[in-house]
Amino acid sequence: MKLLNTELKNAVLQSMIDNLDKNRDAIIAANKKDLDAFDRDDQALYDRLIVDSAKVDDMIRAVREVKDQNDPVGTVISEDTLENGLHITNKAAPFGTIMIIYESRPDVTIEAAVLAFKANNKILLKGGKEAHNSNEELVKCWHQSLKENGLEDNWIQYLKMDRPTTQEFLRNPDQPLDLIVPRGGERLIDFVKQHAKCAVLVSGRGNNFAYVAPDADMEKVIPVIINAKTDKISACNALDKILVDKDHPKFEETLKTIEKALSENGVQVVASDQVIDHLETNDKIDSEDIWYEEFLSMKAAITSVSGLDNAIEFINKYSGGHSNIILTETQDDAVKFMEQIDSAAVYHNASTRFTDGGAMGVGAELAISTDKLHHRGPLGLKQLVTNKYYVLGNGQVRK
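In structure tokens:
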């Protein structure tokens with residue numbers, strides 16, 4: 520793959536900033552076609568689909584942020600000269616071609632492409648059919664920006680495929696494919712893993728937990744839980760499950776206070792056998808499966824646990840490995856929780872809604888990875904490169 524210099528890549532991104540602004544009305548009009556055709560039964564998916572003028576501004580800001588970031592390609596990771604005289608430098612290098620499969624969110628068409636391109640990767644965008652008109656209009660802006668700077672449009676490609684065609688493409692791609700990022704639910708991830716022939720980086724599943732310890736400060740607990748649950752229900756960093764420690768000195772009062780706050784904010788509360796008798800809700804959890812489920816709705820599940828170790832065990836068993844909270848005033852317990860919980864982000868007395876590239880200082884993100892290879896958490900510009908060893912010798916041979 521041809522390596523582009525930073526100046527050329529930034530010129531393309533400046534053109535994209537201009538083209539997004541210039542074509543703002545066309546983008547919003549295309550999005551309206553998608554919204555008008557969408558079945559609003561899935562409110563979370565509908566919310567992710569909306570593109571208004573403020574969302575276009577967000578897209579422009581994302582492109583500008585990446586443009587202003589340092590180019591990661593060629594960055595020296597390590598450098599050493601061995602006793603035998605070999606000089607070895609490890610540098611960041613592009614992946615090659617990245618494919619991202621995503622649902623609903625047209626802004627992914629901007630953020631995924633800008634990150635991949637600045638890191639010198641080609642990207643294949645496989646958006647959902649519900650956002651087809653929006654995505655096509657946004658890709659037109661990309662292709663115009665590439666053309667204005669003398670580049671071919673195959674750097675950023677939009678794939679309009681149905682499920683069988685996608686399945687066949689994953690099995691037998693018509694071009695080299697180095698990495699696939701399925702950004703969506705369990706069915707999409709399983710589908711891609713089953714059929715892909717290259718590396719797959721899992722992203723998108725939440726199912727996040729909050730553990731309320733016996734010494735939790737309720738003046739922190741309620742704002743954190745309400746923000747994590749209700750700020751954006753369609754986000755993978757939204758809170759779904761709440762565990763209250765049985766040893767809390769005001770156990771029943773704490774349960775009732777949390778339920779009341781959730782209910783007042785329009786959240787449906789479902790409860791386990793262990794706690795339902797203490798609550799107003801009649802919605803009892805009747806299957807273990809609910810603890811594995813990502814809600815993406817105004818719904819929260821509550822149960823009790825006995826002690827920090829049981830809370831850690833419970834969360835590690837059921838959580839999606841995305842973001843989990845401990846609410847406690849005991850620093851040692853917070854440290855133990857954060858060290859032993861197996862997830863991309865762990866929180867002490869703070870909302871899970873901060874698991875986001877912008878909120879964590881990464882900038883625009885391709886996705887939130889819950890994999891451990893090659894990176895976990897927000898996939899920003901620095902994470903969309905691999906590495907390459909440059910070995911300089913003077914006739915050395917291994918004996």
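In terms of our numbering, the sequence shown is residues 520 to 918. Glycine included, every Cβ here is placed at the ideal spot set by N, Cα and C. Note that the structure is predicted; figures quoted are calculated from it, not measured.
- Within the segment 546–627, the runs of beta strand (DSSP E) at least 3 residues long that lie entirely inside it are, in chain order, 595–600, 606–613, 616–621.
- Remark: C-beta atoms of GLY839 and ARG702 do not approach each other more closely than 7 Å.
- Positions of the alpha helix (DSSP H) runs, each at least 4 residues long and wholly inside the segment 667–721, are given as 682–690, 705–714 in order along the chain.
- Taking 8 Å as the upper bound for CB-CB distance, LYS803 and ALA820 are not in contact here, some 11 Å apart.
- With a cut-off of 8 Å on Cβ pairs, the segment 830–839 is not in contact with the segment 864–878, counting fewer than three such pairs.
- Counting of Cβ neighbours within 10 angstroms places HIS841 among the buried residues, the total reaching 16 or more.
- Annotated three-state conformation of LYS918 is coil, per DSSP.
- For ALA548, same chain residues with a beta-carbon under 6 Å away, outside a window of 5 residues either side, do not exist.
- Taken through DSSP and simplified to helix, strand or coil, VAL786 comes out as coil.
- Counting along the chain, ASP537 sits inside no beta strand (DSSP E); it lies in the alpha helix (DSSP H) bounded by residues 525–541.
- Contact between the segment 645–663 and the segment 561–572 is present: 3 or more CB-CB pairs across the two stretches fall below 8 Å.
- By a beta-carbon distance limit of 8 Å, PRO683 does not contact VAL904. Their separation comes to about 33 Å.
- Exposed is the label assigned to GLY912, since fewer than 16 other Cβ atoms lie within 10 Å of its Cβ.
- DSSP links SER888 through a beta bridge to SER722, GLY896.
- Per DSSP, reduced to three states, the secondary structure at ALA863 is coil, with no helix or strand assignment.
- The secondary-structure analysis by DSSP pairs SER823 across a beta bridge with VAL763.
- The Cβ neighbour count for ASN801, taken over all protein chains shown within 10 Å, is under 16; the residue is labelled exposed.
- If you look at VAL910, you'll find it in the beta strand (DSSP E) that goes 904–911.
- ASN639 is not a Cβ neighbour of ALA530, given a cutoff of 7 Å.
- Residue pairing for ALA729: DSSP places it in a beta bridge opposite ILE761, ILE844.
- In the displayed model, LEU643 falls within a strand according to three-state DSSP.
- For THR749, the uninterrupted alpha helix (DSSP H) segment begins and ends at 737–749.
- Between MET535 and VAL582 a beta carbon distance of about 5 Å is seen, short of the 8 Å cut, so the two are scored as contacting.
- If you compare the alpha carbons of ARG872, LYS521, ASP828 with that of GLY615, the shortest gap goes to LYS521.
- Cβ neighbours of GLU778 within its own chain (closer than 6 Å, five residues either side excluded): VAL788, LEU798.
- Taking 7 Å as the cut-off, the Cβ atoms of TYR621 and GLY604 do not count as close.
- By the CB criterion at 7 Å, LEU774 and ASN727 fall outside the cutoff.
- Residue state for LYS769 is assigned as coil, using DSSP reduced to three classes.
- Residue burial is scored here from C-beta neighbours: LEU601 has fewer than 16 other C-beta atoms within 10 angstroms and is therefore classed as exposed.
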